[in-house]
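Residue numbers (full-length UniProt numbering): 1 to 113.
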Amino acid sequence: MPSLSLRINLDPDGRVGPGKIELLEQIAAFGSISAAARGMEMSYKHAWDLVEDMNRVFGKPLVAAQTGGRKGGGAQLTAVGLAVVSRFRAIERAASAAAATHMEALQAEIDAG
Numbered sequence: 001m002p003s004l005s006l007r008i009n010l011d012p013d014g015r016v017g018p019g020k021i022e023l024l025e026q027i028a029a030f031g032s033i034s035a036a037a038r039g040m041e042m043s044y045k046h047a048w049d050l051v052e053d054m055n056r057v058f059g060k061p062l063v064a065a066q067t068g069g070r071k072g073g074g075a076q077l078t079a080v081g082l083a084v085v086s087r088f089r090a091i092e093r094a095a096s097a098a099a100a101t102h103m104e105a106l107q108a109e110i111d112a113g
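As structure tokens, this is what we get:
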């Protein structure tokens, strides 16, 4: 069955898609940018760059990070970060539902091949 992948272009020059949303979800799950990066097989720097880009695009922090030390650091999503993830997943569900009939028709064309 075909699948739908959603990327949203944001004004003026940002975008958010499944990779950035998964990164936010992993940060929420692990409480750590570095653990999220490891889980997604990306460098910590790349993960941090993506977080900084999202913070810039939305004009406020999506992730609140605490620096390391004896007790270690950590990170959690802010209310804005949680809202961005929730809204993206809702848009994704709505788009998939709206496209379901057309996706099935595409698969039928392949199956009839």
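Where is the CB? At the ideal position from N, CA and C, for every residue including glycine.
Check                                                                                                                                                                                              : Outcome
I'd like the list of long-range same chain contacts for G17, defined as Cβ closer than 6 angstroms, with 5 residues on each side in sequence excluded.                                             : R7
Here's the rule: buried if 16 or more other CB atoms are within 10 angstroms of the residue's CB, otherwise exposed. What is S96?                                                                  : exposed
Apart from the five residues on each side of it in sequence, which residues of its chain come closer than 8 angstroms, Cβ to Cβ, to Q76?                                                           : I27, A28, G31, V63, A64
Please go through the same chain and pick out, in chain order, the residues whose beta-carbon is closer than 6 angstroms to the beta-carbon of G39, but skip the five residues on each side of it. : Q26
Which residues bound the alpha helix (DSSP H) around A7?                                                                                                                                           : As written in the sequence, residue 7 is Arg, which differs from the Ala given in the question. Element bounds for R7: n/a, residue is neither H nor E.
What separation, rounded to the nearest whole angstrom, lies between the Cα atoms of A47 and A100?                                                                                                 : 32 angstroms
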